[in-house]
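Colleague:
Rendered as structure tokens:
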């Protein structure tokens, strides 16, 4: 049986406890931004362990060519044909 | 005659669009893909730069910040202000595993840490929702900010799993 690290309320010392002695629950967030699973253990009704696993779905992007292309759409045509 | 002129005028945008869509121009304005990748590796210095002590990879770190902090695109460097604190969490966060060099995929330069960012057996009682990646080799200069739903951790592990390192999903992309 796996051992879980726990922190009892008011304590500053982490203990190990068999998982079977704890009440386990999970919270899942799955949206366009992230997929997150929080694994939670309670002992006698008190939260004693909470681990979180986040997978980010939205990368951060710097736009070079794309932004220039978008800007170009708003610039009036300057080709010879446009003046005819 | 006048109607023909108007019709010609109305059709002009379609003509321009068609040219762009079919890439009929011989020359195409673009940021060179190689440049995008080289920017991530610090090859170019279009402004005043720093004297680098070595050609080795910089040390990248990840720090967590409280919901109450203000970390965003305007952040220029890591600061402990607003950073989480708690058992087994060291100010400044953890070193990011960076075994995969920046590369390009299609016309996009990409980079992703080569392993999950893990804060092991920490207790972070005050809600946090942000990780700042920064360059600890270069005066802690900021790289990127990533947010997620508000979290706390109790005697547990906080793990940020990295996305696939491709043009659509890489953690950092210059498109």
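Residue numbers (our numbering), protein chains in the order written: chain A, -19 to 64; chain B, 2 to 176.
We put the CB at the ideal spot given by N, CA and C, even for glycine.
Only a predicted model underlies this, so the values are computations on that prediction, with no experimental measurement involved.
#1: Just the chain B side, please: which residues come within less than 8 Å of residue 31 of chain A by C-beta, in chain order?
#2: According to the neighbour-count rule (16 or more other Cβ atoms, all chains shown, within 10 Å of its Cβ), is residue 71 of chain B buried or exposed?
#3: Are residue 65 of chain B and residue 132 of chain B touching if we call contact CB-CB under 7 Å?
#4: Answer yes or no: do residue 26 of chain A and residue -11 of chain A have a C-beta to C-beta separation smaller than 7 Å?
#5: Run through the DSSP bridge pairs and tell me what residue 143 of chain B is partnered with.
#6: Going by Cα to Cα distance, which pick from B:112, B:43, B:116 is closest to residue 98 of chain B?
#7: Which residues share a DSSP beta bridge with residue -3 of chain A?
#8: Compare the beta carbon distance of residue 168 of chain B and residue 109 of chain B with 7 Å and say whether it is the shorter of the two.
#9: Going by beta carbon distance, what residues of the same chain come within less than 6 Å of residue 124 of chain B, once the five residues before and after it are set aside?
#10: Looking at the secondary structure, which residues open and close the alpha helix (DSSP H) in which residue 177 of chain B lies?
#11: Quick check on this structure: which residue in A:20, A:14, A:37, A:42 has the alpha carbon closest to the alpha carbon of residue 150 of chain B?
#12: Given that a residue counts as buried once 16 or more other Cβ atoms are within 10 Å of its Cβ, and exposed if not, what is residue 48 of chain B?
#13: Terminal residues of the continuous beta strand (DSSP E) containing residue 15 of chain A?
#14: Could you tell me the alpha carbon to alpha carbon distance between residue 104 of chain B and residue 2 of chain A, rounded to whole angstroms?
#15: Under a three-way DSSP split, which group does residue 45 of chain B fall into?
#16: Using a Cβ-Cβ distance cut-off of 7 Å, determine whether residue 41 of chain A contacts chain D.
#17: Run down chain A in chain order and give the residues with a C-beta less than 8 Å from the C-beta of residue 103 of chain B.
#18: By DSSP, does residue 41 of chain A sit in helix, in strand, or in coil?
#19: In chain order, what are the residue ranges of uninterrupted beta strand (DSSP E) at least 3 long that sit wholly in the segment 60 to 101 of chain B?
#20: Go to residue 108 of chain B, then tell me how far its beta strand (DSSP E) extends in each direction, as first and last residue.
#21: Taking only beta-carbon atoms, is residue 165 of chain B less than 7 Å away from chain A?
#22: Find the nearest neighbour of residue 33 of chain A within the set B:118, B:41, B:77, judged by alpha-carbon distance.
#23: Just how far apart, CA to CA, sit residue 51 of chain A and residue 43 of chain A?
#24: How many angstroms separate the CA atom of residue 46 of chain B from the CA atom of residue -19 of chain A?
#25: Can you list the residues of chain B that residue 14 of chain A reaches, using a CB-CB cut of under 7 Å?
#26: So what's residue 157 of chain B in DSSP terms, helix, strand or just coil?
#27: Taking residue 41 of chain B as the reference, give the member of B:112, B:129, B:153, B:128 with the closest Cα.
Modeller: Walking through what the data contain:
#1: In the first chain, the residue the question calls residue 31 of chain A occupies position 51. Simply 154, 157, 158, 159, 160.
#2: Mapped onto the second chain, residue 71 of chain B falls at position 70. Exposed, because fewer than 16 other Cβ atoms sit within 10 Å of the Cβ of residue 71 of chain B.
#3: Mapped onto the second chain, residue 65 of chain B falls at position 64. Mapped onto the second chain, residue 132 of chain B falls at position 131. Yes, Cβ-Cβ distance for residue 65 of chain B and residue 132 of chain B is below 7 Å.
#4: In the first chain, the residue the question calls residue 26 of chain A occupies position 46. In the first chain, the residue the question calls residue -11 of chain A occupies position 9. Yes, the pair counts as a contact, with Cβ atoms nearer than the cut-off.
#5: Residue mapping note: residue 143 of chain B aligns to position 142 of the second chain, counting from 1. For residue 143 of chain B, which the question treats as bridged, DSSP gives the partners B:135.
#6: Mapped onto the second chain, residue 98 of chain B falls at position 97. Of the candidates B:112, B:43, B:116, the one whose C-alpha sits nearest the C-alpha of residue 98 of chain B is B:116.
#7: Here residue -3 of chain A corresponds to residue number 17 of the first chain, with the count starting at 1. In the DSSP assignment, the residues bridged to residue -3 of chain A are A:-16.
#8: Position 167 of the second chain, counting from 1, holds the residue named residue 168 of chain B. Position 108 of the second chain, counting from 1, holds the residue named residue 109 of chain B. Yes; because the gap between Cβ atoms is below 7 Å, this pair is in contact.
#9: The sequence position of residue 124 of chain B within the second chain is 123, counting from 1. If we look at residue 124 of chain B and ignore the five residues flanking it on each side, its Cβ neighbours are 87, 88, 155, 156.
#10: It is not possible to answer for residue 177 of chain B, since the shown part of chain B is limited to 2 through 176.
#11: To locate residue 150 of chain B, count along the second chain from 1; it is residue 149. Considering only alpha carbons, the answer is A:14.
#12: By 1-based counting over the second chain, the position of residue 48 of chain B is 47. Classification for residue 48 of chain B: exposed.
#13: The count along the first chain starts at 1 and reaches residue 15 of chain A at position 35. Here the beta strand (DSSP E) through residue 15 of chain A covers 14 to 23.
#14: Stepping through the second chain from its first residue, residue 104 of chain B is reached at position 103. Stepping through the first chain from its first residue, residue 2 of chain A is reached at position 22. Going from the Cα of residue 104 of chain B to the Cα of residue 2 of chain A covers about 46 Å.
#15: On the second chain, residue 45 of chain B is found 44 positions in, with the first residue counted as 1. Three-state result, residue 45 of chain B: coil.
#16: Note that chain D does not occur in the displayed structure, where the protein chains are A and B.
#17: Translated into positions along the second chain, residue 103 of chain B becomes position 102. Near residue 103 of chain B there are no residues of chain A at all, since even the closest Cβ is about 12 Å away, more than 8 Å.
#18: By one-based count along the first chain, residue 41 of chain A stands at place 61. Reduced to three states, the DSSP call for residue 41 of chain A is strand.
#19: Qualifying beta strand (DSSP E) stretches, in chain order: 61 to 67.
#20: Working through the second chain from its first residue, we reach residue 108 of chain B at position 107. Careful: residue 108 of chain B lies outside any beta strand (DSSP E) and carries neither H nor E.
#21: One-based indexing of the second chain puts residue 165 of chain B at position 164. Taking CB atoms only, residue 165 of chain B has no neighbour in chain A less than 7 Å away.
#22: The count along the first chain starts at 1 and reaches residue 33 of chain A at position 53. Nearest option by C-alpha distance: B:118.
#23: Counted from its first residue, the first chain places residue 51 of chain A at position 71. Counted from its first residue, the first chain places residue 43 of chain A at position 63. Because residue 51 of chain A sits at a pLDDT of 49, beneath the cut-off of 50, its placement in the model cannot be relied upon, and the point is left open.
#24: Stepping through the second chain from its first residue, residue 46 of chain B is reached at position 45. Stepping through the first chain from its first residue, residue -19 of chain A is reached at position 1. Roughly 56 Å between the two C-alpha positions.
#25: Counting from 1 along the first chain, the entry for residue 14 of chain A is found at position 34. Neighbours of residue 14 of chain A across chain B, judged by C-beta separation under 7 Å: 149, 150.
#26: Position 156 of the second chain, counted from the first residue, corresponds to residue 157 of chain B. Secondary structure of residue 157 of chain B (DSSP, three-state): strand.
#27: Start at 1 with the first residue of the second chain, and residue 41 of chain B comes out as number 40. Of B:112, B:129, B:153, B:128, the smallest CA-CA separation from residue 41 of chain B is found for B:112.
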